[in-house]
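Taking it in order: structure first as structure tokens, then the write-up.
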Amino acid sequence: LYLPQERRRLHHGLRERLQRLPAARDPRDLTPRARSKGRAASPGSGWRPLEQHALRGGLRGAVDTSLSQASILIVDDDSRSLFALQELLQSATQKVVLANSGEEALQCVLKEDFAAILLDARMPGVDGFETARLIRERERSRHTPIIFLTGAAEDVHSVFRGYEAGAVDYIVKPLVPEILKSKLSVFVELYNKNAVLIREIAERTRAEEQLRKSEENLRALAAHLQSVREEEWTRIAREIHDELGQSLTGLKMDLTWVANRLPVDQRVLAEKTKSMSGLIDNTIQSVRKIASRLRPEVLDQLGLTAAIGWHAGDFRKRTGIRCKLSLPSDTPMLDRERATAAFRIFQELLTNVARHAGATRIDVAVQAESGALVLTVEDNGKGIAESAIYDPKSLGLLGMRERVLPFGGAIEIAGAQGKGTKVRVSIPLGLK
């Protein structure tokens, strides 16, 4: 800790100290460690042309305020250099981390990420070259910019060795503060932009994951609603068929009993009972149709292909549209849920043809293909525009797609104006 007057005095003498600390001296004045660090350097040696331009004022004083948002690691076995660099950078950066050896630097890198690393090339023990190589071997710190600092003009071999170890720059002391700040500002700005990008990617990933989960929940809910609806339709169909149908049948039998016991001269009553009997017959047929459309018994008793054949025949009678069927007898059986989904899609497809296609013929085919049951419906109607295929407002198409998604199925729709429409429905068999 220093008194304010001492701190101001140190601050004003910072430039002189930075330039003086690593400067060439009489070898007799150097400690053995300092003497082993090499030759003295002339001020400004080792700079590239752009840096020489910076010395002349092109980048002088250019300090990015984004330095305050990142950490800089300074590695040097000379405590005076560490202190001087800390005093230089701590006002412009949020955090300056110091390490006085390669081993300590590696520990720091394991604890946090850095915008840049200022690394002394010549240190006892694990030197700067080995430290840089170890930093590069770690995946998380592989791309951290490393700037080598040296107190002597290195030979070409040493410079190449530094770049091979992972350095992005090589600075010879004495340092020029403006240039050092300018170099670091570039790396810090890149670090901050990368941090923002990573944060945005993480937020987008979380949003996409939440959206995916929401879509899965909605699909699960839709599948559950469809299952509940099918169960309700089955229950209603059974009640209509069993209770209402039986009641109508009983009424028909009672009416027949009454008609058989009318006197011969009661022609008016006889005609009336005959008319009532006809109405009851029509009502019974309507009840059976309603029950079959809610949940056809043939689907539960004979399977999907039989239900498709039955519904196609009923469709032909109601609309007059010819249906050509290709329903092999060896078509694999689907479980109840898959068969129901395929049949409801088939019903919807025929309804769409009757309402919108203006077709006179429909070709229907069912076949097994690559572990899936494939239902194909093709008509010769007016076709469908490509924009309508993916129209989110088309609840019919959306509903069909939602029916096959829980089983990993797919629906392909192809068509063109005036050339008919072809729909291919694929539902995995779900065999174990």
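Numbering of the sequence shown is given in our numbering, commencing with residue 16 and proceeding in unit increments. By construction, the Cβ of each residue, glycine as well, lies at the ideal position given by its N, Cα and C atoms. On a predicted model such as this, the values are computed, not experimentally measured, just so you know.
query	result
For residue 455, three-class secondary structure by DSSP	Because residue 455 is not part of the residues shown, which for the chain are 16 to 447, the question remains open.
Identity of the residues DSSP links to residue 163 by a beta bridge	134, 185
Given residue 150 as reference, the closest of 309, 211, 90 once Cα atoms are compared	90
Option nearest residue 424 by Cα separation, candidates 443, 258, 163	443
Start-to-end residues for the alpha helix (DSSP H) that takes in residue 114	It is not in any alpha helix (DSSP H) - residue 114 instead sits in the beta strand (DSSP E) that spans 110 to 114.
Stretch-stretch touch, CB-based, cutoff 8 Å, three pairs: the region 115 to 133 with the region 202 to 209	yes
For residue 439 and residue 395, the rounded distance between their alpha carbons	15 Å
Selection from 181, 372, 262 that minimises the alpha carbon distance to residue 303	262
Cβ-based neighbour list, residue 237, same chain, cut-off 7 Å, excluding 5 preceding and 5 following	417
Best match in 125, 172, 182 for proximity to residue 154 [C-alpha to C-alpha]	125
Contact between the region 216 to 227 and the region 171 to 183 (3+ Cβ pairs under 8 Å)	no
The region 332 to 342 touching the region 301 to 317, judged by at least three CB pairs closer than 8 Å	no
Exposed unless 16 or more other CB atoms sit within 10 angstroms - verdict on residue 8	Past the boundaries of the shown model lies residue 8; the chain is included only from 16 to 447, so the question cannot be answered.
Separation of residue 292 from residue 240, as counted between CA atoms	40 Å
Per-residue DSSP class, three states only, for residue 391	strand
Three-pair Cβ contact test at 8 Å for the region 276 to 284 versus the region 247 to 259	no
Beta-carbon proximity of residue 114 to residue 177, cut-off 8 Å	no
The region 282 to 289 in contact with the region 342 to 361 per 3-pair CB rule at 8 Å	no
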